[in-house]
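Asker: Here's a structure for you.
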Amino acid sequence: MEVIVYLLQGFAVALSPLNLMWCFIGCFLGTVIGILPGLGPAATIAMLLPLTFKMDPTGAVIMLAGIYYGSKYGGSTTSILLNVPGESASVVTCIDGYQMAKRGRAGAALGIAAIASFIAGTVGVLGLMLVAPPLAKFALSFSSPEYFALMCLGLAMVVLLAGESMTKALLAMLVGLWIAGMGTDLFTSTSRFTFGNAEMLDGIDFVVVAIGVFALGEVLGNMEGRSGTQMLPVPKGLRNLLPTWQDLKDCRFAFFNGSVIGFLIGVLPGAGSTIASFISYGIEKAVSRHPEKFGTGVVEGVAAPEGANNAETGGAMVPLLTLGIPGSGTTAILLAAFILWGLRPGPLMIQDNPTLFWGLVASMYIGNVMLLVLNLPLVPLFAQILRLPAYVLYPAIFGISIVGVYSTSSSLFDVWMLGAFGLIGYAMRKLEYPSAPLILGFVLGDGMERALRQSLMMSQGDLSILVSRPISATMLFLTVLILVAPLFKKANAWRVRALG
Amino acid sequence: MAKSGDIVSGAVLAGLGVFIIVEARGWEYAGPDGPGPGFFPLWYGVCMVALSVLLVAMSLAQRASVPAEPVNWREIGRALAAWAGLALCVGFLKILGFLLAFGLFTFFLVAVMYRRPLGTAAAVSVGAALGFYLLFPLALNVALPIGKLGF
Amino acid sequence: MRPISFIVALTLVAIASPIAAQGFKPTKPIEFVTHTGPGGGGDVLARAIAGAMEKEKLMPVRMQVLNKTGGGGHTAMSYLVEKRGDTHTIAVFTGLWFTNPLMRPEANITLKDLTPLVRLVLEPAMLAVKNDAPYKTLKDFIDAAKQNPGQLKQSAGSIGARDWVVRQLLMKNTGASWAYISFPGGGERIAALLGGHVNIMLIEPQEAGEHIRAGNMRVLAAISEQRLPAFPSAPTLKEAGFDVPNVPQPRGILAPPGIPAEAVAYWEDLFAKFVKTPSWRKILEDGLFEDGFQRSAELNKFIDQYSETTRGILREGGIKVVR
Chain L
3 MEVIVYLLQG FAVALSPLNL MWCFIGCFLG TVIGILPGLG PAATIAMLLP
53 LTFKMDPTGA VIMLAGIYYG SKYGGSTTSI LLNVPGESAS VVTCIDGYQM
103 AKRGRAGAAL GIAAIASFIA GTVGVLGLML VAPPLAKFAL SFSSPEYFAL
153 MCLGLAMVVL LAGESMTKAL LAMLVGLWIA GMGTDLFTST SRFTFGNAEM
203 LDGIDFVVVA IGVFALGEVL GNMEGRSGTQ MLPVPKGLRN LLPTWQDLKD
253 CRFAFFNGSV IGFLIGVLPG AGSTIASFIS YGIEKAVSRH PEKFGTGVVE
303 GVAAPEGANN AETGGAMVPL LTLGIPGSGT TAILLAAFIL WGLRPGPLMI
353 QDNPTLFWGL VASMYIGNVM LLVLNLPLVP LFAQILRLPA YVLYPAIFGI
403 SIVGVYSTSS SLFDVWMLGA FGLIGYAMRK LEYPSAPLIL GFVLGDGMER
453 ALRQSLMMSQ GDLSILVSRP ISATMLFLTV LILVAPLFKK ANAWRVRALG
Chain U
556 MAKSGDIVSG AVLAGLGVFI IVEARGWEYA GPDGPGPGFF PLWYGVCMVA
606 LSVLLVAMSL AQRASVPAEP VNWREIGRAL AAWAGLALCV GFLKILGFLL
656 AFGLFTFFLV AVMYRRPLGT AAAVSVGAAL GFYLLFPLAL NVALPIGKLG
706 F
Chain E
19 MRPISFIVAL TLVAIASPIA AQGFKPTKPI EFVTHTGPGG GGDVLARAIA
69 GAMEKEKLMP VRMQVLNKTG GGGHTAMSYL VEKRGDTHTI AVFTGLWFTN
119 PLMRPEANIT LKDLTPLVRL VLEPAMLAVK NDAPYKTLKD FIDAAKQNPG
169 QLKQSAGSIG ARDWVVRQLL MKNTGASWAY ISFPGGGERI AALLGGHVNI
219 MLIEPQEAGE HIRAGNMRVL AAISEQRLPA FPSAPTLKEA GFDVPNVPQP
269 RGILAPPGIP AEAVAYWEDL FAKFVKTPSW RKILEDGLFE DGFQRSAELN
319 KFIDQYSETT RGILREGGIK VVR
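Residue numbers (the working numbering), protein chains in the order written: chain L, 3 to 502; chain U, 556 to 706; chain E, 19 to 341.
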């Protein structure tokens with residue numbers, strides 16, 4: 003019960019006017035960053051680092067953390083309204099979120115995203131507070147075989163995201179795997195598929211692929227028509243401006259799903275929020291009573307991934323604060339910030355700096371509330387963006403896409419790649435290839451190959467390492483289940499038809 | 556579009572798969588420490604070829620029973636024209652800078668693609684360029700591509 | 019010439035000569051390029067140096083850190099080539115700038131294409147194991163490796179990185195062999211070690227400090243010339259009985275190609291003064307670096323020698339050297 007005592011002390015720190023201000027600044031900045039495609043929390047935190055030297059470390063970490071989880075709130079806005087993923091983890095939100103907007107329910111989608119983010123964000127902080135040390139130990143037991151199994155599970159989601167043609171979905175996924183492999187092989191430093199170009203040495207940035215395929219593909223598709231007026235129906239009436247009670251009821255499991263999956267995957271160093279969103283979406287679809295509706299605009303399809311990518315921030319703080327191991331790019335910068343401020347991140351950090359840790363935890367609760375209050379009223383406001391006629395909005399989307407990509411790497415080569423992927427996205431639409439599997443393959447491909455090769459190096463070529471370890475064996479078993487389930491369904495249907 | 560497109564796309568993907576396999580053969584398949592850089596690409600290249608052949612076969616079989624839908628080339632042409640505009644815009648970024656190149660591209664989109672009056676087109680392009688300038692370099696300190704003209 | 023114009027001309031020359039003789043002085047903010055992203059090794063060092071310079075008031079202008087990530091350092095190097103002749107741009111280089119061009123055909127810019135200015139530090143490393151490992155000394159580990167060839171595992175960076183070089187040297191020297199498993203980030207390598215999935219790793223003292231303090235890790239040996247003051251109980255490789263050359267991770271400053279000699283002299287002198295300041299001492303202590311100051315003449319020799327040695331080790335390890 004000392005946890006309660008510590009937490010109360012943390013609130014005392016977090017509720018000081020100065021720290022409240024830092025929290026608000028961080029959350030606000032984070033939301034803005036999340037809304038803008040391309041510019042991510044990592045780059046922003048890096049830019050602000052020098053300014054934090056003059057600040058008290060507790061206030062500084064409160065602000066930077068606010069940027070981190072605040073950006074997850076904003077990321078859904080452009081995903082839902084414009085099919086432009088604001089942040090890499092918001093890619094999955096585009097799938098159902100944009101469809102909801104197309105049906106005039108943009109406000110409901112935005113609202114559900116904010117609410118799911120709040121619930122999951124809070125669960126994430128709860129998890130960080132209560133189960134951090136044992137969970138950190140669990141995280142350490144995860145190594146390459148388990149990561150490989152996790153990635154396989156993620157890729158099995160392709161089956162759930164497939165839609166009409168499984169063949170095309172698998173082909174899209176394979177293309178995604180190929181694009182992921184472009185660049186330098188980690189182990190041998192061999193260049194693969196770089197076509198002799200130095201700019202390809204690091205492979206292609208996620209932002210380029212996601213914005214190109216999703217946003218530009220969609221925009222080019224819309225260019226076929228001639229009408230330049232309304233693009234998406236503007237939500238009318240409170241029912242569509244905000245989520246209804248029915249929506250909230252429908253999402254009960256999604257809230258739970260997103261929070262837990264996001265948090266657990268966040269704890270694993272190296273697994274990212276994009277994987278968390280995909281898996282959470284997949285699970286939601288798998289347990290749903292109306293799985294065929296996913297992809298056409300169901301609220302759970304927004305609530306689950308949005309929750310997952312928010313809970314992931316709480317999870318990512320676990321290895322950072324309890325072990326001093328950064329779980330993702332953004333937490334790596336936070337780690338560097340700790341060092342620069344003279345703190346010593348590591349297993350003893352919480353012991354040595356209880357004020358910082360508990361103040362941070364308390365401020366994360368406060369921050370989540372602030373963000374909900376900030377975002378919900380903005381929903382009807384954002385929905386009005388849809389009032390803009392297509393001939394204003396579409397050029398703007400082109401512009402935002404270019405600026406978003408350029409802001410991450412200042413590379414014109416990346417902007418060219420964006421154009422190329424826009425064409426690919428359009429071609430995929432016309433040829434009826436689903437784009438979600440391509441993104442999934444792209445996100446997971448690299449990590450999966452790496453994990454497999456690391457596992458085989460650990461076992462000296464013995465594949466059984468993947469099934470002799472309990473965690474990876476379980477996940478691989480689940481993967482196989484997911485893959486063969488549709489076959490059972492088909493065989494069953496065939497049998498019913500044959501008998502009837 | 557679906558059926559005839561399938562055959563073409565299947566063929567293209569099969570070709571891509573073959574390319575991947577050929578490249579993968581040039582790298583180490585399995586080294587002393589474990590699978591090499593050629594391992595994964597070889598396998599997904601093989602899967603790609605197998606699946607695309609399957610796709611082509613399925614759509615050839617279906618084509619016999621279901622007539623192919625007509626392809627609306629006009630629509631596709633419009634989309635490709637828009638893409639060409641985008642490509643030109645990107646190409647000119649280095650010389651003209653973002654604001655000018657994007658302004659011109661917007662003008663093209665509004666006037667030519669959407670057939671709005673020239674006045675509207677001019678207003679939208681200037682407004683958009685201004686908006687981007689105010690938002691990104693000024694308010695957010697995010698650099699826009701700068702051309703030879705200095706902005 | 020009329021007398022008055024002669025006097026004016028003479029006065030002008032008298033004023034102008036000291037200014038010309040003074041040589042180069044920066045007049046606008048300096049771009050301080052690093053190849054790592056924010057929070058990465060090069061970036062942290064660059065920011066520390068920039069901050070210390072301001073504190074010690076050694077320069078009339080500010081230093082602005084610019085991150086040019088990618089290509090294993092190649093992006094930063096090609097940026098410098100683009101900035102040919104620019105006297106207001108400098109960069110932090112690390113060992114990666116040496117090795118990357120040797121291994122990748124696309125990385126076609128070498129250190130010789132730029133202007134090396136000074137070498138600042140040599141970053142030592144340590145061989146560490148989990149605290150419950152049965153190896154008390156490096157010899158224990160090597161013996162265990164000899165008895166079970168290829169069974170023991172090291173978590174590390176990519177091939178060609180310092181971890182790999184040290185492993186190659188030790189394996190050649192002792193005849194032992196163990197597996198080398200690459201992980202993309204320090205965090206993952208540490209997690210693999212602490213989780214018991216690998217047996218040993220090479221770690222930078224700063225990364226390891228906290229884990230050792232918490233009792234989760236143990237140091238077997240230090241890769242440095244002298245014992246590390248922060249870890250006095252860890253022997254150096256030579257002291258532990260292994261006659262392998264030290265493999266330091268050099269870090270220093272360089273400039274774009276084609277800058278005038280006065281600028282080079284300015285930077286050399288500036289850094290020579292800088293490394294004597296107390297702020298620099300603090301950076302060395304905090305970062306647990308070894309002082310390795312060298313001016314450009316020595317640095318150029320070091321570059322040749324280091325590159326040649328690395329080429330040899332790469333070839334022996336069966337890696338293709340392209341340059």
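Positions of the beta carbon are idealized from the N, C-alpha and C atoms, including for glycine.
According to the Cβ coordinates, are Val215(L) and Ile426(L) closer than 8 Å?
Answerer: Yes.
Asker: For Asp187(L), which residues from the same chain have a beta carbon less than 8 Å from its beta carbon, with the 5 sequence-adjacent residues on both sides left out?
Answerer: If we look at Asp187(L) and ignore the five residues flanking it on each side, its Cβ neighbours are Ser193 and Arg194.
Asker: Within 8 Å (strictly less), CB to CB, does Ile271(E) reach chain L?
Answerer: No, because no Cβ of chain L sits closer than 8 Å to the Cβ of Ile271(E).
Asker: Look up Ala487(L) in the DSSP assignment and say whether it is helix, strand or coil.
Answerer: It is helical.
Asker: Starting from Lys148(E) and walking both ways along the beta strand (DSSP E), at which residues does that stretch end?
Answerer: That run of the beta strand (DSSP E) goes Ala143 to Lys148.
Asker: For Ile271(E), which beta-bridge partners are listed by DSSP?
Answerer: Paired residues: Val110(E) and Val136(E).
Asker: Kindly indicate which residue of Leu38(L), Lys56(L), Leu31(L) and Thr33(L) has the alpha-carbon position closest to the one of Leu342(L).
Answerer: Nearest of Leu38(L), Lys56(L), Leu31(L) and Thr33(L) to Leu342(L), Cα basis: Lys56(L).
Asker: Check the C-beta distance from Gly214(E) over to Lys148(E) and give it rounded, since I have them as a contact under 8 Å.
Answerer: Between Lys148(E) and Gly214(E) the Cβ distance is about 6 Å, and since that is below 8 Å, they are a contact.
Asker: If contact means a Cβ-Cβ distance below 9 Å, which residues of the segment 184-200 of chain E contact chain U?
Answerer: Cβ contacts with chain U come from Ala197, Tyr198 and Ile199.
Asker: State the beta-bridge partners of Asn85(E) as determined by DSSP.
Answerer: Asn85(E) pairs with Thr52(E).
Asker: Three or more beta-carbon pairs under 8 Å between the segment 622-640 of chain U and the segment 197-208 of chain L, yes or no?
Answerer: No, the segment 622-640 of chain U does not touch the segment 197-208 of chain L.
Asker: Thinking C-beta only, is Pro307(L) closer than 8 Å to Ser282(L)?
Answerer: Taking 8 Å as the Cβ cut-off, Ser282(L) and Pro307(L) qualify as a contacting pair.
Asker: Can you name, in chain order, every residue of its own chain whose Cβ lies under 7 Å from the Cβ of Ala179(E), other than the five neighbours on each side?
Answerer: Correct list: empty, nothing qualifies.
Asker: Against chain L, which members of the segment 111-122 of chain E pass a CB distance test of less than 8 Å?
Answerer: Here the close residues are Met121 and Arg122.
Asker: Beta-carbon of Asp588(U) versus every beta-carbon of chain E: anything under 8 Å?
Answerer: Interface residue, yes.
Asker: Check whether the Cβ atoms of Leu98(E) and Thr107(E) lie closer than 8 Å to each other.
Answerer: In contact: Leu98(E) and Thr107(E) (Cβ atoms closer than 8 Å).
Asker: Would a check of beta-carbon distances place Ile121(L) closer than 8 Å to chain U?
Answerer: Judged by the 8 Å Cβ criterion, Ile121(L) is not in contact with chain U.
Asker: Is the separation between the beta-carbon of Ala637(U) and that of Met603(U) shorter than 8 Å?
Answerer: Against a cut-off of 8 Å, the Cβ pair of Met603(U) and Ala637(U) comes out as no contact.
Asker: What do you get for Lys170(L), buried or exposed, if any count of 16 or more other CB atoms within 10 angstroms of its CB means buried?
Answerer: Counting Cβ neighbours within 10 Å, Lys170(L) comes out buried, since at least 16 surround it.
Asker: Could you check where the beta strand (DSSP E) with Glu198(E) kicks off and where it finishes?
Answerer: Checking the displayed sequence, the identity of residue 198(E) turns out to be Tyr instead of Glu. From DSSP, the beta strand (DSSP E) with Tyr198(E) extends over Ala197 to Ser200.
Asker: At the level of alpha carbons, what is the spacing between Leu31(L) and Pro152(E)?
Answerer: Spanning the two alpha carbons is a distance of roughly 50 Å.
Asker: Taking only the alpha-carbon atoms, compute the straight-line gap between Gly274(L) and Tyr70(L) and give it to the nearest angstrom.
Answerer: Distance between the alpha carbons of Gly274(L) and Tyr70(L): 14 Å.
Asker: Using a Cβ-Cβ cutoff of less than 7 Å, which residues in the same chain neighbour Asp252(L) once the five nearest sequence positions on both sides are dropped?
Answerer: For Asp252(L), where only same-chain residues beyond five positions count, the Cβ hits under 7 Å are Val301 and Glu302.
Asker: Select from the segment 445-466 of chain L all residues with a C-beta closer than 8 Å to any C-beta belonging to chain E, and list them in chain order.
Answerer: Of all residues in the segment 445-466 of chain L, Arg452, Gln456, Met459, Met460 and Gln462 have a Cβ within less than 8 Å of some Cβ in chain E.
Asker: Does the beta carbon of Tyr396(L) come closer than 8 Å to any beta carbon on chain U?
Answerer: It does: the Cβ of Tyr396(L) has a partner Cβ on chain U nearer than 8 Å.
Asker: Looking at the structure shown, is Asp309(E) part of a helix, part of a strand, or coil, going by DSSP?
Answerer: Three-state result, Asp309(E): strand.
Asker: How would you list, in chain order, the residues of chain L whose beta-carbon sits under 7 Å from the beta-carbon of Leu212(E)?
Answerer: Under the 7 Å cutoff, chain L gives Leu142.
Asker: Report the three-state DSSP secondary structure of Ser680(U) (helix, strand or coil).
Answerer: Helix, per DSSP.
Asker: Output, in chain order, the set of chain U residues within a Cβ distance shorter than 7 Å of Thr223(L).
Answerer: Here residue 223(L) turns out to be Gly, not Thr, going by the sequence shown. Those within 7 Å of Gly223(L) in chain U are Ala634.
Asker: Just confirm the distance between the C-beta atoms of Ser279(L) and Asn259(L), as a whole number of angstroms; I'd bet it's less than 8 Å.
Answerer: Incorrect: roughly 11 Å between the Cβ atoms, too far for contact.
Asker: Compare the C-beta of Leu172(L) against all C-beta atoms of chain U and say whether one is closer than 8 Å.
Answerer: Interface residue, yes.
Asker: Assign Lys43(E) to one of two classes, buried (16 or more other C-beta atoms within 10 Å of its C-beta) or exposed (fewer than that).
Answerer: So Lys43(E) counts as exposed.
Asker: Taking contact to mean 3 or more Cβ pairs, one atom from each stretch, closer than 8 Å, check whether the segment 127-137 of chain E and the segment 258-274 of chain E are in contact.
Answerer: Contact holds: three or more Cβ-Cβ distances are below 8 Å.
Asker: Say whether the segment 202-222 of chain L touches the segment 71-89 of chain E, bearing in mind that this needs 3 or more beta-carbon pairs closer than 8 Å, one atom from each stretch.
Answerer: They touch, by the three-pair rule.
Asker: With a cut-off of 8 Å, does the C-beta of Ile327(L) fall near any C-beta of chain E?
Answerer: Yes, its Cβ sits closer than 8 Å to a Cβ of chain E.
Asker: Mind checking whether Ala94(E) and Thr52(E) have CB atoms under 8 Å apart?
Answerer: Against a cut-off of 8 Å, the Cβ pair of Thr52(E) and Ala94(E) comes out as a contact.
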